[in-house]
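First up is the structure itself, then whatever we jot down about it.
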Amino acid sequence: MGLFSFIKEAGEKLFGGAPAQAAEAAAPSQADLNAKAGSAIANYINAQNLGVSEVNVAFEGPEGKVTVTGVAPTQAAKEKVTLCCGNVASVTSVDNQMSVTNPEPEAQYHDVVRGDTLSAIAKKFYGDANKYPVIFEANKPMLTHPDKIYPGQKLRIPPLAK
1 MGLFSFIKEA GEKLFGGAPA QAAEAAAPSQ ADLNAKAGSA IANYINAQNL
51 GVSEVNVAFE GPEGKVTVTG VAPTQAAKEK VTLCCGNVAS VTSVDNQMSV
101 TNPEPEAQYH DVVRGDTLSA IAKKFYGDAN KYPVIFEANK PMLTHPDKIY
151 PGQKLRIPPL AK
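Counting in this note's numbering, the sequence shown runs from 1 upward without gaps.
Pasting the structure below:
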C-alpha cells in the first residue's frame, strides 16, 4: 500500500471547522495543531471499531499528510483506516504503515464524482449494478446509508468473493 491522495476540502470535519494550520503568532503552534489533529483522527479511527490496535497518527498540517501506524487484524481493516484518515477535511494524502495480522489481496479504490451511485460504481467494477451492497459493506462504518456518498470521497472496492 503506497501513499494515497485525497481531496483536501472533502470529508469529515474533525478539526472544529478551523484549518489545521497556524495563522498568527498568538495562535497555537503548528506542532500543537498537528498533535491535536492527529489525536482527532486517531479518535475517529477508534470510534469505527475496526479492531485495530496500537494506532498512532501523525498529521503534517501545511502538507495535509497523515502517517498512520499500528496493527490491523485484516487487510480490509487496514484499508478502512486509510479511508478514515483520508476522508477527513484538510487531509490530502495518507501513508498507511500499519502491519496486517492476516494479509489478504488489496482492494481497488474509487474517487466519487458528482452523479455517482453505489450501483453505478458496482456496474463499473463488477459488471453488475446489483453488487452495490458489497461496496456498501466494504465501506462501513464510514458509510451509514447506500445513498449517502459525496463527491471527493474515496471508497474501497474489494475483490468479489469467489
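Ideal Cβ placement from N, Cα and C applies to all residues, glycine included.
Extent of the continuous beta strand (DSSP E) run through residue i
i       : result
Phe-59  : 53 to 60
Asp-95  : 93 to 96
Phe-4   : 3 to 5
Asn-46  : No beta strand (DSSP E) holds Asn-46; the alpha helix (DSSP H) holding it covers 30 to 47.
Ile-157 : 154 to 157
Thr-144 : Note, Thr-144: premise wrong, no beta strand (DSSP E); not H, not E.
Ser-99  : 99 to 102
Local Cβ density within 10 Å of residue i, reported as buried at 16 or more and exposed below that
i       : result
Thr-144 : exposed
Leu-118 : buried
Asn-34  : buried
Ala-27  : exposed
Leu-3   : exposed
Asn-43  : exposed
Asn-96  : buried
Leu-83  : buried
Contact check, residue i vs residue j, beta carbons under 9 Å
i       : j       : result
Val-88  : Gly-70  : no
Ala-112 : Lys-154 : One point to set straight first is that residue 112 is Val, not Ala, in the sequence displayed. Yes; because the gap between Cβ atoms is below 9 Å, this pair is in contact.
Val-91  : Thr-67  : no
Gln-30  : Gly-61  : yes
Ile-157 : Phe-125 : yes
Val-52  : Lys-78  : yes
Phe-6   : Gly-115 : no
Thr-74  : Val-55  : no
Tyr-120 : Val-134 : A quick correction: the sequence has Ala, not Tyr, at residue 120. It is not a contact, given that the beta carbons lie outside the stated cut-off.
Phe-164 : Ile-41  : Residue 164 is absent from the structure shown; the chain starts at 1 and stops at 162.
Met-98  : Ala-72  : yes
Boundaries of the alpha helix (DSSP H) in which residue i is found, first to last residue
i      : result
Val-81 : 75 to 86
Close Cβ partners of residue i (< 8 Å) along its chain, the five nearest in sequence each way excluded
i       : result
Pro-103 : Gln-75
Tyr-132 : Thr-117, Leu-118, Ser-119, Ile-121, Ala-122 and Pro-146
Asn-49  : Pro-141
Contained alpha helix (DSSP H) runs [length at least 4] in the stretch 112 to 142, N- to C-terminal order: 118 to 126 and 132 to 138
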